[in-house]
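Colleague: Take a look at this one; I'll ask things after.
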Amino acid sequence: MVYLFCGLFGTALIAIIVIPLFRKDNSLESAIIEETEWDLLLRKKDVILGNIQDLDFEYKCGKLSDEDYRKVRSEMSTDVAAVLQKIDDIESSHDMDALIRREVSARRGGGKKADRVACPACRAENPTSNKFCAECGGKLKA
Amino acid sequence: MAQVGQFALALAFVVTAYSIIASLIGIRLRNDKLIASGRNAAVGTFLCITLAIGALGYVFVQSDFSVAYVAEHSNRDLPLYFKIASIWGGQEGSLLFWGWLLTVYSALVVIQNRKRHSSMMPYVTAVLMTTSLFFTTMHLFTVNPFQLSGVAMPDGTQNLFTPRDGAGLNPLLQDWLMVIHPPMLYLGFVGFAIPFAFAMAALITKQLGDTWIRTTRRWTMIAWFFLGTGIMLGGNWAYHELGWGGFWAWDPVENASLMPWLIGTAFLHSVMVQEKKGMLKVWNIILVIMAYIMSLVGTWLTRSGIVNSVHAFASSPIGNYFLAFILIGLSGALYLLFDRLPYLKSDNEMESMVSRESSFLFNNLILLASCFAVFWGTMFPVLSEFVRGEKITVGQPFFNRVNVPIAIFLLFLTGVGPLLAWRKASTNSLKRNFLGAAVAALAVGAGLLIWPGIRPWPIGGGEFYAWCSFVMATFVGITIVREFYKGARARAYGTGENFLEGVVNLTLRNTRRYGGYIAHFAFVLLFIGWSGQAFKVDLPGIEAGIGETFALRQYVMRVDDLTVEKTPNYDSQKAVVSVFENGKKVATMLPEHRVYKPSQQPTTEVAMRSTLKEDLYLVFQGGNLDGSKAIFQVYLNPLTAWVWIGGVVLGLGTLIALLPNKKSAPPKRSQKPARVEEAKEVESIS
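So the protein sequences, as listed, match chains S and B.
Numbering-wise (the numbering used here), the first sequence opens with residue 1 and increments by one.
Numbering-wise (the numbering used here), the second sequence opens with residue 1001 and increments by one.
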């Protein structure tokens, strides 16, 4: 009985481990680098915007003097503007890494039909947030 | 069933090794199938070790004394829940338990992230499984819990035999807290493996932004929560079980759990600086490495018996293997860190010494100084033996002298830090935030000199620190209450919520911040409780027969009866003691003195009358030499209940901080802001 149990357990375990090896697709997910400059800039933008929101709330609570609030808020606004500028630079250049990342994130998010737009040049589908086609690099919107 | 356990361990060894190899080769060859197989193998390791620990539980419940570990740590008459708790009652089982929890965490992490962080996860799996492989190797070859009972013969063979009954679980561990204290503590120790594994993966893949921090911050908090809860439960166990009137003795094993907790506390704070400002990146990695290494050191100290401790019930010769593993892990991690330093540049620089980020840095430095002091004191006997050949133990006075002032300064920062602005705080903002609280705290300080008449001199004495602690607790308490008040008021202007709704919604919409404040408030309560220790009094070794009385401060105790009770597991002498406070009977206390049958080990079951003001703590030490009288020890511990209340609030705060933030709902249209309503009222009147 003990041997039978051990045998069944062992077989089931080996099956669990081996099954993925016989999968058909090899998606190469592991080749994706998550922290491209574009990703980091997007997160930085979110963080600074979050910081501004916190700052506004702390000011509303009366924890900051007017002078401190104005100074820090203007500094943060300058920071976020600089980050947005960099994001724009990357997006308007033909940085393939960034485009691939955007494509992947759009697909992960479900990429519904309505969120996508066809490229006028090559007919490839792109997320509506793209300004340039991920396939041919052609301009998507006027 | 022992065979099943043995089989499961052997299988775990192979599967764990496969998981490491498959993950590493898979990422090297960019082969996602192999990576997925390695990930499943990590889950397989969990299944194997679960089977092993299940088998161990089964042999305990069945009282199968053919297994040596069961024979040494259980007996037939042990209640079922203690039989199950006996799994971690000794060396072999507690290490298996440690290893099992690691596989639980690992399985959860690999399943949670199976579709995320694809380039990092194979390394995370490999790091976690390497630790698991170390433990599995230990289980199999050094401290095997499934070894059969028997006697070693001179020719090296073993003569197997099954004892009729076991030696029983250590009586000190036969307490309901011992059923939950070790699992909590271990969940804390083991939990730090997760942020460590992610930090290593981030270093290896050179993805040193904040991905690893975002992914692991909750895991770190979970580990920290369990470790803190484990420490509190351990303190409570010591208080009501060991019978020496206190809850913390700076025992090496207590210290071993405190050190990773201190580092974890530092990390939980400094991680915010990285998230918000992109600073302290190297520092955070160092903290994560140290928290994990200290967890291993903690386990090593607990399990190797290298230092004398109340936990000597779990000592064995595994120390050297553990030390080697710790040193290899530490060197590997530090090598990676130094190699990747160029990728860890700060995004910003510290702009002012008076800012929230600098207060976080101070808090970190102080927590680390405290950790170092504890480490130094704990390891001093080992170091002195190594250098001078004799073990010199560092006592409680050393730890208190160093850590009490540090702790009070930390409490001060707890009040100051959250009120300082990020980047730079001007004198004007400082005045606005601190003046009221500081004046109130000093007023309370002055009041305490009059009632109850604390004398905070000489400087550096117990009463001095207690006074400082009360003043600081008032200051911090006020600042925290004001944070909630101001936040709720600011919300009320915008949403029309009433104050209570405001407080609840405020907390639920920023759980991390306000959960953190609740945790801070818990420390206010803890400090009040700890300060009570400065005023404790005791009545040592008093002998009294039936009808006789003895007194401590306002309490008079009268021995009403002395009885004997026999149970299958232990024989007990019980005393019935009436307690009178200022002449009025307030309680009947029933302290016990037990002798456990299998081990013939005596223990005391303390009787306690606990109020928010003080605990009356009565220990029955058994009969005197001629058996005519009973010997009692009495302690009066002021404010101790606040320590446990603080502990509960700390857990609550941490759990709130772990909740996801509630999303903001659009403001209620029907309810106009309070100020508009008021304006209309004024208009209509005029």
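Beta carbons: idealized from backbone N, C-alpha and C, even for Gly.
Do residue 67 of chain S and residue 1423 of chain B come within 9 Å of each other at the CB atom, strictly closer than that value?
Modeller: Not in contact: residue 1423 of chain B and residue 67 of chain S (Cβ atoms no closer than 9 Å).
Colleague: For residue 1064 of chain B, does the three-state DSSP call read helix, strand or coil?
Modeller: In this structure, residue 1064 of chain B counts as coil in the three-state DSSP scheme.
Colleague: Could you give the uninterrupted runs of the alpha helix (DSSP H) lying entirely in the segment 1474-1561 of chain B, keeping only those of 4 residues or more?
Modeller: Whole alpha helix (DSSP H) segments, 4+ residues: 1499-1509, 1511-1531.
Colleague: Measure from the C-beta of residue 1060 of chain B to each C-beta in chain S and report whether the shortest distance is under 9 Å.
Modeller: Not one chain S Cβ lies under 9 Å of residue 1060 of chain B.
Colleague: From this set, S/28, S/24, S/140, S/33, which residue's C-alpha is nearest residue 1206 of chain B's C-alpha?
Modeller: That would be S/33, whose Cα lies nearest to the Cα of residue 1206 of chain B.
Colleague: Please state the DSSP three-state secondary structure of residue 1581 of chain B.
Modeller: Strand at residue 1581 of chain B.
Colleague: Where do the N-terminal and C-terminal ends of the alpha helix (DSSP H) with residue 1292 of chain B fall, by residue?
Modeller: That run of the alpha helix (DSSP H) goes 1281-1304.
Colleague: Which same chain residues end up closer than 8 Å to residue 1021 of chain B when comparing Cβ atoms and leaving out the 5 residues on each side of it in sequence?
Modeller: So the qualifying residues of the chain are 1038.
Colleague: Between which residues of its own chain and residue 1651 of chain B is the CB-CB distance below 6 Å, once the five residues before and five after are set aside?
Modeller: Excluding residues within five positions, the ones whose Cβ falls inside 6 Å are 1229.
Colleague: Could you tell me which chain B residues have their CB closer than 7 Å to the CB of residue 20 of chain S, listed as they occur along the chain?
Modeller: Those are 1033, 1036, 1037, 1040, listed as they occur along chain B.
Colleague: Is residue 1159 of chain B helix, strand or coil when you go by DSSP?
Modeller: Residue 1159 of chain B: strand per DSSP, three-state reduction.
Colleague: Within 10 Å of its beta-carbon, does residue 1327 of chain B have 16 or more other beta-carbons around it, so buried, or fewer, so exposed?
Modeller: Exposed.
Colleague: Got a sec? Which residues, its chain only, sit under 7 Å from residue 1016 of chain B by beta carbon, not counting five neighbours each side?
Modeller: So the qualifying residues of the chain are 1045, 1129, 1132, 1133, 1136.
Colleague: Which residue's Cα is closest to the Cα of residue 1009 of chain B: B/1297, B/1142, B/1031?
Modeller: Nearest of B/1297, B/1142, B/1031 to residue 1009 of chain B, Cα basis: B/1142.
Colleague: Rounded to whole angstroms, what is the Cα-Cα separation between residue 1322 of chain B and residue 1296 of chain B?
Modeller: Computed Cα separation, rounded: 8 Å.
Colleague: Under 9 Å between the Cβ atoms of residue 1175 of chain B and residue 1241 of chain B?
Modeller: Yes, the Cβ-Cβ distance between residue 1175 of chain B and residue 1241 of chain B is below 9 Å.
Colleague: Return the bridge partner residues of residue 1633 of chain B from the DSSP annotation.
Modeller: Beta-bridge pairing links residue 1633 of chain B to B/1619.
Colleague: How many Å lie between residue 1259 of chain B and residue 1394 of chain B at the Cα?
Modeller: Those two C-alpha atoms are separated by around 16 Å.
Colleague: Given that residue 43 of chain S touches chain B, what residues does it touch there, using C-beta distances under 9 Å?
Modeller: Correct list: 1209, 1210, 1211, 1214.
Colleague: Flag residue 1614 of chain B as yes when its Cβ comes closer than 8 Å to any non-hydrogen atom of the ligand PLP, and as no otherwise.
Modeller: The model on display carries no ligand, and the ligand PLP is accordingly not part of it.
Colleague: Starting from residue 83 of chain S, follow the alpha helix (DSSP H) in both directions and report where the run begins and ends.
Modeller: Run containing residue 83 of chain S: 66-92, per the alpha helix (DSSP H) assignment.
Colleague: Under the three-state reduction of DSSP, which class applies to residue 120 of chain S: helix, strand or coil?
Modeller: Coil.
Colleague: Let me know the secondary structure DSSP gives residue 113 of chain S once reduced to three states.
Modeller: Model confidence at residue 113 of chain S stands at a pLDDT of 48, short of 50, so the residue's coordinates are unreliable; what they give is reported in the following sentence. It is helical.
Colleague: Quick one: which unbroken alpha helix (DSSP H) runs of 4-plus residues sit fully inside the segment 1148-1199 of chain B? Chain order, please.
Modeller: With a minimum length of 4 residues, the continuous alpha helix (DSSP H) runs that stay inside the segment 1148-1199 of chain B are 1176-1191.
Colleague: With C-beta atoms as the reference, is residue 1506 of chain B less than 9 Å away from residue 1514 of chain B?
Modeller: For residue 1506 of chain B and residue 1514 of chain B, yes; Cβs fall inside 9 Å.
Colleague: Taking 9 Å as the threshold (beta carbon to beta carbon), is residue 57 of chain S in contact with chain B?
Modeller: Answer yes: the Cβ-Cβ gap between residue 57 of chain S and chain B drops below 9 Å somewhere.
Colleague: I'd like to know whether the C-beta of residue 61 of chain S is nearer than 9 Å to at least one C-beta of chain B.
Modeller: Closer than 9 Å to some Cβ of chain B, the Cβ of residue 61 of chain S qualifies, so yes.
Colleague: Run the CB neighbour count on residue 1397 of chain B, radius 10 Å, all protein chains shown included, and call it buried at 16 or more, exposed below.
Modeller: Exposed is the call here.
Colleague: Residue 65 of chain S versus chain B: which residues are under 8 Å apart at the beta carbon?
Modeller: Within 8 Å Cβ-Cβ: 1426, 1428, 1429, 1432.
Colleague: Tell me whether residue 1268 of chain B is buried or exposed, calling it buried when 16 or more other Cβ atoms sit within 10 Å of its Cβ.
Modeller: So residue 1268 of chain B ends up on the buried side.
Colleague: If you run the structure through DSSP and keep just helix, strand and coil, what is residue 1120 of chain B?
Modeller: Coil, per DSSP.
Colleague: Roughly how many angstroms separate the alpha carbons of residue 1517 of chain B and residue 1192 of chain B, rounded to a whole number?
Modeller: Cα to Cα, residue 1517 of chain B sits roughly 23 Å from residue 1192 of chain B.
Colleague: Report the partner residues of residue 1638 of chain B according to the DSSP bridge assignment.
Modeller: Answer is B/1614, bridged to residue 1638 of chain B.
Colleague: Nearest to residue 70 of chain S by CA position, among S/52, S/10, S/22, S/138, is which residue?
Modeller: Out of S/52, S/10, S/22, S/138, S/52 has the C-alpha closest to the C-alpha of residue 70 of chain S.
Colleague: Do you know offhand how far residue 1376 of chain B's Cα is from residue 1466 of chain B's?
Modeller: Their Cα atoms are separated by approximately 25 Å.
Colleague: Can you tell me which of B/1097, B/1064, B/1014 puts its alpha carbon nearest to the alpha carbon of residue 1303 of chain B?
Modeller: Nearest C-alpha to residue 1303 of chain B: B/1097.
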